[in-house]
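>
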Amino acid sequence: METVTHFESLRPLWAVLVSLLAIPLILLSGERRPNLRESWTLLAAFVKAGLVWSLLPDVLDGRVAVTSLGTIVPGVELALRVDTLGLVFGLVASTLWVLTSFYSIGYVRGAGEHKQTRYFASFALCLSSTIGIAFAANLVTFLIFFELLSLATYPLVIHKETPKAIDAARKYLSYVLPAGLMLVLAIVMTATISSQQGLDFVPGGFLERTDASAPLLRWLFLFYILGVGVKAGIMPLHSWLPAAMAAPTPVSALLHAVAVVKAGVFGVLRVTGYVFGPELLQEIGVWTALAWAAGITLTVASLLAMRQDNLKRRLAYSTVGHLSYIVLGAALLSLASWKGAILHLIFHATMKITLFFCAGAIYVRTHRENISEMVGIGRQMPVTMAAFAIGSLGLAGVPGINGWISKWNLAAGTLQADEPVFLMLLVLSGVLNAAYFFPIVHQAFFRSSDEYPRFGEASPLMVVPLALTAVVSLVLGLVPNLGAHAWDLASKAAVAVIGGGS
Amino acid sequence: MEWLHLLVRHWAYALTVLLILIGLHGMLLKRNLLKKLIGMNIFQGAIILFFIVHAYKDGASVPIWSKALGEHAERYMNPVPHGLMLTAIVVSVATTGVALALLSLIHKRYGTLEEDELLTALRADREEV
Amino acid sequence: MTLESPVQIAFLAAGGVAHESARLVPNASDLPALILVPLIVGVFLVPLLGLLRRRLAYVTTLLILATYAALALTGLRTVLDGSAIHYRMAGWTPPLGIELALDPLSAFVMVTIAVIGLLVTIYAGAAVRRETPEREVAFFALMVVMLLGLSGMVMTADLFNLYVFFEVSSLSGYALMAVGHRKAVVSAYRYLLLGTIGASFYLLGVGFLYVLTGSLNMADVAARLGDLAGNPALSVSLVFMVLGLGLKMALFPLHIWLPDAYTYASSTSTAIIAPVMTKVSAYVLIRMLYFVYGADWSLSELGVGPVVAWLAMGGVVWGSVMALAQQDAKRMLAYSSVAQVGYIGLGLATGHPLALTGAILHILNHAMMKSTLFLVTGSVELSGGSRRLGDWKGLGRRMPLTFVGFTLAALAMVGIPPTSGFFSKWYLALGLADSGQWALLVLLILSGLLTAGYFFRVLERVYAREPREGAVQPAGEATAAMNLPVIALGAGTLLLGLFNAWFVGRVIAQALPAGLNLPGVS
Amino acid sequence: MNGDFSAVFFVLAIVAALVSLKVRDLLAAAALLSLFSFVVALLYVSLGAVDVGFNEAVLGAGVTGILLVIAIFNTCRRSQDRQHRGSRGSALGRLVAMLGLVGVGAVLLWAMAGLPDFGDPVAPAARHLSDRMIEGAYHDAHTPNIVTVMIADYRSFDTLGEGIVVFTAGLACFLLLRSERRRDEDGPGT
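Chains as they are written, first to last, in my numbering: chain A, 1 to 502; chain B, 1 to 129; chain C, 1 to 522; chain D, 1 to 190.
See below:
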């Protein structure tokens, strides 16, 4: 295991703060100066991504940037620390925010959304919380940003203010608030039983067998999973996610395919790898339960996805399924499965955001949401649908696109953990993925429909981002280590948690 | 039997308790608001009495210094509760005064001091501020 | 003889002030009395100047409360090293005379009272003129009297003196509660009856303590309680103290006076009474349980702890459920007060230093949140809106600044980090977990959901709904003088949350009774 | 002073209290309350509390009585004391109140076992603070009446509070009754 050095830096803090500082500027610019307002968003997005990327070399060299903001409750600091796993999540969220910002501008203007100021302000708050979650050094800091994220997403879900959106927002709250409370409960219990004072995340876990009885630890694990599992969409805690598709599409794209749900998955990784740790989980034997929950979720979600005609809902169920790939990887506690899980965290993000971007572009151009109404659309929006094809092929696990790499590692992980049954589930789910994505692509390109007027592509503000993410998915599938060193990062994090040997 | 002994030794206290209960009964169970106030006066009087009862010493005199009795503390009643209760009485009268002001307002607004009628009147009174 | 004391005190104050100006450093040993001086002066000065010119009453009140707040803050700063300043009224040594004690706990509650009092007064300038026209002078005078009574309760170290100030604050409270809606007189009358029972029960408890120990000074009584642990009369004194103070602090199920009283009183009355009145009673209960009776005996041995804790939890649940069912903003907030007082009761009954920390933090915290919320309902009403939540749709756009305050306070009530509401529950939860009260812990955590239920319902209406036809809507944003306290208090909940560790370590850790130490704080 | 003599006053006070709560004519009830106060005042005197007795006679029997009578003339004379018309909520309320009363009574009687005997000259209350006051009062203030020394000197802060209470009551009445006058000018309230 290589040595890790810590150094004080304000960059993590600025990475969190930059979008927070943009909020007053966005609010002050208001509805009357939309261009000024949007330039704040873009500026913040670029600066944030730059800050996060600037931390990459440090992490690759084994140097961990730390920002301490003083004690938040006695014994626990409000602190940020950019370890490998955190950086992975931070990179994904901040980079995709840049693209989403452009896309958002095109979308809200194209769709003529109301209250755009509130929309952009909430979006910025969401991103601050997400980076905060990624960089949180301990459980309390994590909790604060986790709850903040729940809250900041609420205005976005309710954004359209239609009865449907209001219902969705209620449903959203009634899932994430109890989950947040469960997380509080779990952290309070941890603080009480743990001998470690600061509640800092430690690769390999900081809870110890001697801290409490096995049943209590099992309860504790359950509370944690209930707490983070809602955002991670583990069944039966998933049903807020399809409902939340009432939000504008960029919100679905970034938050409900990347930031919020990945925050949940990221939480699962933190809890399994950095709070409990593989040894303790093996000892109290709860990992199988989690693995089964994930295994069932990824199968059932794929089945449910097939039944959806609404494109965004189908994507939502697909998201539920793919999140469970990651959870499964985390639960299996083997080196390859963890590597696969972390890679899937990155790769799924690039692919799914492509798909959502496409769905949004189609909606803005055609105002159609249902798959059955999209026959032949590929001839009118070729770039969009090509990107869609790349994304969906990737998710199905076709080699050459990045989804294949993560899935391969996950599969290897099931064998490493000596649980071939989950391999079967992975394969089955891959087939189902293909089954619910290919018809869309097929009918878009190979069946024609006369009922269409001429549409053409959406505005470049939307098409360029979605093409970019598709290209990125493709490139990463061929050279996974390009740019962000995704492969190296995943390996490093997996080794740190699981240990090199096993 | 032991109870009876206790009761005999604490007869004054027991009667004070009885007064406390009578007062509370009036406050809680009488249906007329003025009667409740009368109950309150009895209740407060009884609590004052509790203090005075415990200031009593067998064979002692009123707490006014005199040459004849000298500075022998056991020859005087305990003056502390007396002093306290002077204040308490004033407080209780002041409370009664405020209560009566409220009562006259209630009567002016709703024309009754009976709880049942008042409840009906309140239910009918839908005026917003 | 009544006149003698004010003269004495005025003399004293003059002495203190002269002293101060001579050395340019406040004479710390006079502080306990000095803090009360502006209020005592104000009680007479406000009506006097008010008679000259009505507007002067407001200005005088403002000046007096500002002085009071400054002194209270000075007091808090002086005792933050964990010391206590004892001041002997009229120079007699306790237990012969009455003693005032400024220790970190009393200074903390005093600052809470002062800050809330000052901010609500800033707000009250316009509000009182509208709500109680031509009677502002009496209103402001009574407000000062009430704050004096509460401060006296907080500061005195004498059991009977506490009763006197208890009644001072109660009587003025009854009167303040009686103005507002027409029905307010009836609810105020009920409040008076039950409040008197509460105060009298407290007095009865003092009586038993006096009979058993022969003393009235708290420290002296505590010292003389030593071998009385098995005495039934001592237990009974505690029972009556808890009942009496429980009534005044609206501890479930003794809260029955509260919803009507808060609903019908004028918005300024509620905004000043709701945050501080119940809290000071809770403070007195903490004093009694921890400093006079001793927590080991009262909470554990006698078993008052679990009973109060479960009742408090019952109050949390009941208050929250009832709040969910309300359509009237003020009534909803009133029931929510029942719930929030439950948190304080829970914390003080658990007997764990962390839980008690949570309770003490929640005293300030809830005072800030609740006054913000009540002030906002007042702003809505005074700007021409209605208290009916159904009419609150779309207010977020009509009164954006006002509702920034409301939102912050509501989020704090729900307990979203990093607002202070989260942290007081955090300490409570840690305390419960550490003392193994798992059932209460789970209920405490889940109760947050109910709170979220009734506040997000409002937020949804305010921000995401369009006003319906014919809804009573306010004309527009409230005045700056009304928004300033609202925003300041709302932002305060956020700041208190972010700096809670500092606050807990510096202030509350000092305020805990001897023997209870916070882990992780040196 | 003979403590046993006070038993008579005790019984009288109890009777007066009971009857005053029983009668339906409020004026009679007020008169009986005054009587109660007066008997209690005598009781105080018989227990050696002369100052308290005077105070109670003047304030309790006198001022309270007069205030009550004025209020009754301003409102109404008869109390119906009607049995409630059997709404379930109020029946439950009565039951709870009765249980509460029984509880309070039981608890208070239970305390008896721990209290010093009536008239015990060496009870804690009779010694500690009491002794110091009795022995120090004349020396400290040169006033023979120990109670006066106490309220005017030792515990003058209480007396200040008492003054403020009276002042508060005055302010409260002003605040409340003034409002009603305004309402009358506006026209009768519904």
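For each residue, glycine too, the CB sits at the ideal point set by N, CA and C.
So the candidates are A:V18, A:Y175, A:L25; which of them puts its Cα closest to the Cα of A49 (chain A)?
Residue A:V18 is the option with its Cα nearest to A49 (chain A).
> Throw me the rounded Cβ distance for the L24 (chain B) and V104 (chain D) pair, which I believe falls under 8 Å.
7 Å
> Which full runs of the beta strand (DSSP E) of 3+ residues lie inside the segment 62 to 121 of chain A, going along the chain?
63 to 73, 76 to 82
> Select from the segment 117 to 136 of chain D all residues with a C-beta closer than 7 Å to any C-beta belonging to chain B, and list them in chain order.
D117, F118, G119, P121, A125, A126, L129, S130, D131, M133, I134, E135
> Return the first residue and the last residue of the alpha helix (DSSP H) that E279 (chain A) is part of.
277 to 284
> Given that a residue counts as buried once 16 or more other Cβ atoms are within 10 Å of its Cβ, and exposed if not, what is H72 (chain B)?
exposed
> Which word fits K262 (chain A), buried or exposed, when buried means at least 16 other C-beta atoms lie within 10 angstroms of its C-beta?
Buried.
> CB Y343 (chain C) to CB M322 (chain C), shorter than 9 Å?
no
> So, are the CB atoms of V164 (chain C) and E162 (chain D) less than 9 Å apart?
yes
> Mind checking the segment 70 to 91 of chain B against chain C and listing, in chain order, the residues whose C-beta falls within less than 8 Å of any C-beta there?
V80, P81, L84, T87, A88, V91
> Use the C-beta contact count for P26 (chain C): other C-beta atoms within 10 angstroms, 16 or more gives buried, fewer gives exposed.
The predicted model places P26 (chain C) with a pLDDT of 49, which falls under 50 and marks its position as unreliable, so this point remains unresolved.
> What does the Cβ neighbour count give for P47 (chain C), buried or exposed, with the cut at 16 atoms within 10 Å?
buried
> I want to verify the contact list: residues of chain B whose CB lies under 7 Å from the CB of Y174 (chain C), in sequence order.
V98
> Does the Cβ-Cβ distance between L410 (chain A) and S337 (chain A) come in under 9 Å?
A contact, by the Cβ cut-off of 9 Å.
> Beta-carbon separation of V265 (chain A) and V327 (chain A) under 9 Å?
yes
> On the DSSP letters alone, give me the boundaries of the beta strand (DSSP E) that I85 (chain C) sits inside.
85 to 88
> Would you say A71 (chain D) and L103 (chain B) are within 9 Å of each other, going by their C-beta atoms?
yes
> Would you kindly report the start and end of the unbroken alpha helix (DSSP H) that includes A323 (chain C)?
Counting along the chain, A323 (chain C) sits inside the alpha helix (DSSP H) bounded by residues 304 to 324.
> Contact defined as beta carbons within less than 8 Å: I believe T153 (chain A) pairs with V260 (chain A). What is the distance between those atoms, to the nearest angstrom?
6 Å
> Quick check on S21 (chain C): does DSSP put it in helix, strand or coil?
At S21 (chain C) the pLDDT is 46, less than 50, meaning the model places this residue with poor confidence; the figure from the coordinates comes in the next sentence. Secondary structure of S21 (chain C) (DSSP, three-state): helix.
> In chain D, which residues lie with their C-beta within 8 Å of the C-beta of L118 (chain B)?
Contact note: L118 (chain B) does not reach chain D at a C-beta cutoff of 8 Å; the least C-beta distance is about 12 Å.
> If you draw a straight line from the alpha carbon of A106 (chain D) to that of L92 (chain D), how long is it in whole angstroms?
21 Å
> When you compare each of D:D153, D:V165, D:V147 to P63 (chain B) by their alpha carbons, which one comes out closest?
Nearest C-alpha to P63 (chain B): D:V147.
> For H367 (chain A), which of helix, strand or coil comes out of DSSP?
If DSSP states are grouped into helix, strand and coil, H367 (chain A) belongs with coil.
> Just checking, does the segment 367 to 379 of chain C make contact with the segment 439 to 450 of chain C on the three C-beta pairs under 8 Å criterion?
Cβ pair count under 8 Å is below three, so no.
> Taking 8 Å as the limit between beta carbons, can you name the residues of its chain near G430 (chain A), skipping five residues before and five after?
Contacts found: A396, G397, K407.
> First and last residue of the alpha helix (DSSP H) that includes E114 (chain B)?
Unbroken run through E114 (chain B): none, as it is neither H nor E.
> Just the chain C side, please: which residues come within less than 8 Å of H54 (chain B) by C-beta, in chain order?
Chain C residues near H54 (chain B): G207, Y210, V211.
> Give me, in chain order, the residues of the same chain whose beta-carbon lies closer than 8 Å to that of R23 (chain C); leave out the 5 immediate sequence neighbours on both sides.
At R23 (chain C), the pLDDT of 42 sits below 50, so the modelled position is not reliable; the number obtained from the coordinates is stated separately. Same-chain partners within the cutoff: there are none.
> Is the CB-CB distance between K35 (chain B) and A7 (chain D) below 9 Å?
no
> If we cut at 9 Å on Cβ distances, does K551 (chain C) have a partner in chain B?
Any answer about residue 551 (chain C) is impossible in this case: the structure gives chain C only from 1 up to 522.
> Taking a cut of 8 Å between CB atoms, which residues from the segment 1 to 15 of chain B lie near chain D?
L6, L7, R9, H10, W11, A12, Y13, A14, L15
> Which stretch, first to last residue, makes up the beta strand (DSSP E) that contains T350 (chain C)?
Per DSSP, T350 (chain C) belongs to no beta strand (DSSP E); it is in the alpha helix (DSSP H), 329 to 350.
> Reducing DSSP to helix, strand and coil, say where N78 (chain B) ends up.
coil
> Rounded to whole angstroms, what is the Cα-Cα separation between T263 (chain C) and M182 (chain A)?
So the two alpha carbons sit approximately 34 Å from each other.
> Is P474 (chain C) closer than 9 Å to S383 (chain C) when the C-beta atoms are compared?
yes
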